[in-house]
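4 protein chains.
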Amino acid sequence: MLDEKETTRIEAFSDGVFAIAITLLVLGIKVPGHESVVAKGLAHALILLWPSYLAFFVSFITILVIWIQHHWVFVHVRKVDHLLLYWNGLLLLVVTFIPFPTQLLAEHLSHADSKLAANLFTGNFLVVSLAFLGLWRHVYKKGMLLNTMIRGADDAASITRYYHVAPMLYLVSFGLSFISEFAGVSSCILLAFLFSIPGYPAKQSSE
Amino acid sequence: MLDEKETTRIEAFSDGVFAIAITLLVLGIKVPGHESVVAKGLAHALILLWPSYLAFFVSFITILVIWIQHHWVFVHVRKVDHLLLYWNGLLLLVVTFIPFPTQLLAEHLSHADSKLAANLFTGNFLVVSLAFLGLWRHVYKKGMLLNTMIRGADDAASITRYYHVAPMLYLVSFGLSFISEFAGVSSCILLAFLFSIPGYPAKQSSE
Amino acid sequence: MLDEKETTRIEAFSDGVFAIAITLLVLGIKVPGHESVVAKGLAHALILLWPSYLAFFVSFITILVIWIQHHWVFVHVRKVDHLLLYWNGLLLLVVTFIPFPTQLLAEHLSHADSKLAANLFTGNFLVVSLAFLGLWRHVYKKGMLLNTMIRGADDAASITRYYHVAPMLYLVSFGLSFISEFAGVSSCILLAFLFSIPGYPAKQSSE
Amino acid sequence: MLDEKETTRIEAFSDGVFAIAITLLVLGIKVPGHESVVAKGLAHALILLWPSYLAFFVSFITILVIWIQHHWVFVHVRKVDHLLLYWNGLLLLVVTFIPFPTQLLAEHLSHADSKLAANLFTGNFLVVSLAFLGLWRHVYKKGMLLNTMIRGADDAASITRYYHVAPMLYLVSFGLSFISEFAGVSSCILLAFLFSIPGYPAKQSSE
């Protein structure tokens, strides 16, 4: 009963952090003041904000997918040890940081230093995927998973492979952002959709 | 037991997002600085903020009504599939966006481009109502509802009709905002009150 | 079981809103920029911020007391009807508004229009206490309370009296703020402490 | 059953406040505007923001550790009295304040008044550790702990000693910040890691 209560609260706290991080993103879209649009009109000013909408959209779907994966992992966690709180804390640290590179991209994507902004934007997601892998490996190696969910060494190994693929793909996005900032950022949309396809983990739980 | 736990967390996450989106709205009301009110006084400056209060009020009651409807739908959902997470994610995406057109309306309603601001404000609510309809249709078509709640094809069909009416009415608000920004925005107040009247859905659950 | 689930979610949503409103208050304390403190130093700039600290403190303890009272009332609520969602929504509307008059007071308390800022600050709390009374009256009159908690007409009547006193006392604070802005604001500290003394409601539940 | 429900809600509200405070920290990192980086480039501007990253990191891990300790204490609390709500409220008051000295440090650490900013930054953590001690002492003295968790006077006394050490160590950090702002702030990193090592409290619960 103690374990159950602990899991509930680590999930509640994490859900809170994910929910706030995802909702704060909109504050990064700066509303144009009415004095600043006198010359060219509001429509023109709103069109110029396209990097803000793109950054908002990519960060939103990425945080959503991380939350869904986090959700999926914790459904199968039966107990919480002290170190799991810190692996989870590391993941939350890099997730709560997301609004900063998001706003940076929104501000600089249509200006001189767009490549650096895209590097940091995709780089942050790369670090998030590494933190997620660390969390999963800890849960898996310590045998914290419910036996009913993982029905064999093969299944568990395939899920572990699945979570190893994510950092590799985000590394590609990060690399792409050095060649083309648009390619780097756009590839993160593809990755969010890719990880939203029910893969090994989801299949295990629904089979 | 697994399903129950999943529903709890999708609701907790959504509640968090709704709660934050509704509370962030107040940040859109810009406090006049003490230097800026020296000439005409604070009272005058506060009266000039009326578009901010109006935008805050309309967005608040609209998010509240969406939350209540979301709450009602999830009371009757007995299981969560992968796609539901994404329908719900789409709804949250357009709900978390609401503070942006709200602040846009607050800034521009008493200025030159008030009509465009009202178009986007009402247009966002239209998209929210469409996302909600999509969520409901997914839940309904996949047979995810508790049998005790929906007692027949007639009942379910009438709820579905109810959720089809919302986008049509918000389309009217959107259209109105092209003729008169005040008519468009005001009609959203009417719609929030209309959808707060216990209609088919609420009647089904309490009968 | 349905009712229990509904109560859980209305409490979770309200807790979220209270938690966010109380935490957003700190954003109203504007950090002095390093350029602006070159002349007189940071210490001087921080001392000049005293109205911000005062406004933060008063609003924090007031929201905390409202949350505790809200918490207490909902412990005893056994079912949720549609209208309760709206009484609760009205309370949340005026609670989420609190950061605005709080920041207004922080900005104007040591300037020309301090009285108006104090009127709105105390006036907002008055409206909150009225919304709370409305919520309680609805819950009480509809017989939504657990019988084990309210053991007789006398008990229930004394709690109702208790919640009638709050708006009267906040009306006094509001009135005081017209005579002296400091008296008005300070009296809200006293009221927060007064309502934190376990009175009739808390006594009923622990006896 | 009543008590259980009360504990759930005080934890939910506290989790919400911790989650929001920890997520708001990122708003303190000011994104450099694209006009301001024309001369020296974005990379230069981002490097100059190092005090923001440091302040974000230290406050993040400190709030995380406070949350983990809070979590641990409440796992063992079996009932909630009125005064506990206020001890918890005092803790939340000083925790929600953290974003202010964090942003102050971010703004002033590389400028003239860095020492004062570091004093307030470390001083806030000192006050938090004192509020936490007060919360623990109340819970412990009133016999609110589950008997299964604390198996003797020796165990309870050793946990109490543990929570007495924290304010003493934060007092050292506070003192250090008068000698060197970097030493003061850095020592808080050490303390966060120190209190993340499972000490007496965690050992009691897992033994």
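Chains as they are written, first to last, in my numbering: chain A, 1 to 207; chain B, 1001 to 1207; chain C, 2001 to 2207; chain D, 3001 to 3207. Glycine included, C-beta positions come from ideal geometry on N, C-alpha and C. Here the structure is a predicted model, which is why all the values come from computation and not from measurement.
For the stretch 1152–1177 of chain B, there are no residues whose beta carbon sits under 8 Å from a beta carbon of chain A. Of all alpha-carbon atoms in 1126(B), 1133(B), 1121(B), 1165(B), the one lying nearest the alpha-carbon of residue 1055(B) is that of 1121(B).
Taking a Cβ-Cβ threshold of 8 Å, none of the residues of chain C is close to residue 1185(B); the smallest such distance is about 17 Å. Residues of the stretch 2049–2070 of chain C whose Cβ lies closer than 7 Å to any Cβ of chain D, in chain order: 2060, 2064, 2067, 2068. Look at the beta carbons and you see the stretch 3121–3131 of chain D touching the stretch 3089–3099 of chain D: at least three pairs across the two are nearer than 8 Å. Taking a Cβ-Cβ cut-off of 7 Å, residue 2181(C) has no neighbours in chain B, whose nearest Cβ is about 12 Å from it. With a cut-off of 8 Å on Cβ pairs, the stretch 1027–1043 of chain B is in contact with the stretch 1098–1107 of chain B, counting three or more such pairs.
Exclusion of the five residues before and after residue 2181(C) leaves 2114, 2115, 2118 as the residues of its chain whose Cβ lies within less than 6 Å of its Cβ.
Across the set 2098(C), 2007(C), 2066(C), the C-alpha of 2007(C) shows the shortest separation from the C-alpha of residue 2076(C). Residue 2181(C): member of the alpha helix (DSSP H) spanning 2181–2196, first to last residue. Segment contact: the stretch 43–58 of chain A against the stretch 1037–1048 of chain B, fewer than three CB-CB distances shorter than 8 Å; contact not assigned. Residue 2115(C) carries a helical assignment under DSSP once its states are collapsed to helix, strand and coil.
Around the beta carbon of residue 3193(D), a 10 Å sphere encloses fewer than 16 other beta carbons of the protein chains shown; the residue is thus reported as exposed. For the stretch 3096–3107 of chain D, the set of residues with a beta-carbon nearer than 7 Å to any beta-carbon of chain C comprises 3096, 3097, 3099, 3100, 3103, 3104, 3107, in chain order. Counting the other CB atoms within 10 Å of its CB gives residue 1166(B) a total of 16 or more, which places it among the buried residues. By the rule that beta-carbons nearer than 8 Å mark a contact, residue 2081(C) does not touch chain D. In the DSSP assignment, residue 1090(B) falls within the unbroken alpha helix (DSSP H) covering 1082–1096. Within the same chain, 2118, 2119, 2122, 2184 come within 6 Å of residue 2177(C) by CB-CB distance, once the 5 residues on both sides are set aside. Burial check for residue 173(A): the Cβ neighbour count within 10 Å reaches 16 or more, so the residue is buried. Contact check for residue 2191(C) against residue 2170(C) passes: the beta carbons are separated by less than 8 Å. With contacts defined as CB atoms closer than 8 Å, residue 1080(B) and residue 1179(B) fail to qualify as a contacting pair.
When C-alpha distances from residue 82(A) are compared across 159(A), 18(A), 60(A), 139(A), the shortest belongs to 139(A).
Across the set 3086(D), 3034(D), 3098(D), the C-alpha of 3098(D) shows the shortest separation from the C-alpha of residue 3018(D).
Inter-residue distance for residue 72(A) and residue 90(A) is about 18 Å (C-alpha atoms, whole angstroms). Annotation: the continuous alpha helix (DSSP H) that includes residue 3048(D) extends over 3042–3048.
By the neighbour-count criterion, in which a residue is buried when 16 or more other Cβ atoms sit within 10 angstroms of its Cβ, residue 3197(D) is exposed. When secondary structure is reduced to three states using DSSP, residue 64(A) falls in the helix class.
Taking residue 2058(C) as the centre and dropping the five residues before and after it, the same chain places the C-beta of 2185, 2188, 2189 closer than 7 Å to its C-beta, in chain order. Under the 8 Å criterion on CB atoms, residue 3077(D) is classed as non-interfacial with respect to chain C. When 7 Å is used as the limit between beta carbons, residue 2018(C) is near these residues of chain D: 3013, in chain order.
Rounded to whole angstroms, the gap between the alpha carbons of residue 2070(C) and residue 1024(B) is 21 Å. Between the alpha carbons of residue 16(A) and residue 3074(D) lies a distance of about 18 Å.
Flagged as an interface residue toward chain D: residue 85(A), by a C-beta distance shorter than 8 Å.
Rounded to the nearest whole angstrom, the CA to CA distance from residue 2084(C) to residue 1065(B) is 13 Å. For the C-beta of residue 1143(B), not a single chain A residue is nearer than 7 Å; the gap to the nearest is close to 15 Å.
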